[in-house]
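The C-terminal residue of the sequence shown carries number 218 in the working numbering, and the numbering is unbroken.
Only one structure is covered here, and it is reproduced in the block below.
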Amino acid sequence: VEIAQNLPTATVIGCDDVDCATSLQSVLGSSRFRIYTSQEIVSIELGGALKNVFALAAGISDGLKLGDNSKAALVTRSLAELVRLGVAMGGNANAFYGLSGAGDLIVTCYSDRSRNHTVGERLGRGEPLAQITASMKAVAEGIPTTQSAWECARRLKIATPIIDQVYAVLYQQTKPTVALEELLRREQKPEQL
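This is the structure we're talking about:
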């Protein structure tokens, strides 16, 4: 919507072929649409998928009316979790701090236009998942991505507390307030990104 409104934005094109990426950059870019290029295709794909899981969590936070500080902490810890799992799945840590990682994560977690954020917000308000999905005209990709991310994290033995709790809400009928308490009960330790 914002691109159609000619509002300034930026994106990243992932391509193994530098010449092809540069060509696309020059053809598609404009003074209002800034395009960066990257050869970190796996990282771009993982960032684009995993951010949807964290957008569900951010929506749940908003649905529970937890406030701006809680949401900022959640999104920051989501980035750490995204990087941890993404690296274990073959991504490059530095690439996750760019537009397709941190950038996409932030916009999706804070946008009222995000389907995943909307689903999370409705879950946080207490609506059943089946009712939410039945009322939607489009798919919220974060729902199936949560299951895949949860399974990958288990297989790779990566700690993913936020993904774990989103999974519990979606697939184990855990109440969002209980999932929140599970996160808050975790051992306090030094911050590591």
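All C-beta atoms in this analysis are idealised placements derived from N, C-alpha and C, irrespective of residue type, glycine included.
State the start and end residues of the unbroken beta strand (DSSP E) segment that holds residue i.
i, result
"GLY145", "Note, GLY145: premise wrong, no beta strand (DSSP E); alpha helix (DSSP H) at 140-149."
Can you look up residue i in the DSSP assignment and give me helix, strand or coil?
i, result
"ARG59", "strand"
"ILE183", "coil"
"VAL37", "strand"
"ASP226", "With the chain covering 26 to 218 only, the question about residue 226 has no answer from this structure."
"GLU106", "helix"
"ILE69", "helix"
"ASP44", "helix"
"GLY111", "helix"
"GLN50", "helix"
"PRO215", "coil"
"VAL164", "coil"
Just confirm the distance between the C-beta atoms of residue i and residue j, as a whole number of angstroms; I'd bet it's less than 8 Å.
i, j, result
"ALA204", "GLN190", "4 Å"
"SER125", "GLY72", "4 Å"
"LEU130", "LEU104", "6 Å"
"ILE168", "LEU195", "6 Å"
"GLU106", "THR171", "Rounded, the Cβ-Cβ distance is 12 Å, inconsistent with contact."
"LEU75", "ALA174", "6 Å"
"GLY84", "GLU146", "4 Å"
"ARG138", "ILE183", "About 30 Å; that fails the 8 Å criterion."
"ALA6", "ARG59", "Residue 6 cannot be examined here, being either before or after the span of the chain that is shown, 26 to 218."
"GLN64", "ASP41", "6 Å"
"ALA163", "ARG140", "6 Å"
With 8 Å as the threshold, decide whether the Cβ of residue i is near any Cβ in chain C.
i, result
"ARG179", "Checking the listed chains, one finds no chain C in this structure; it contains a single protein chain."
Which residue comes first and which comes last in the alpha helix (DSSP H) that contains residue i?
i, result
"PRO201", "201-209"
"GLN156", "154-159"
Is residue i close to the ligand NAD? I mean its beta-carbon at under 7 Å from any heavy atom of the ligand.
i, result
"THR133", "Of ligands this structure carries none, so the ligand NAD is not represented either."
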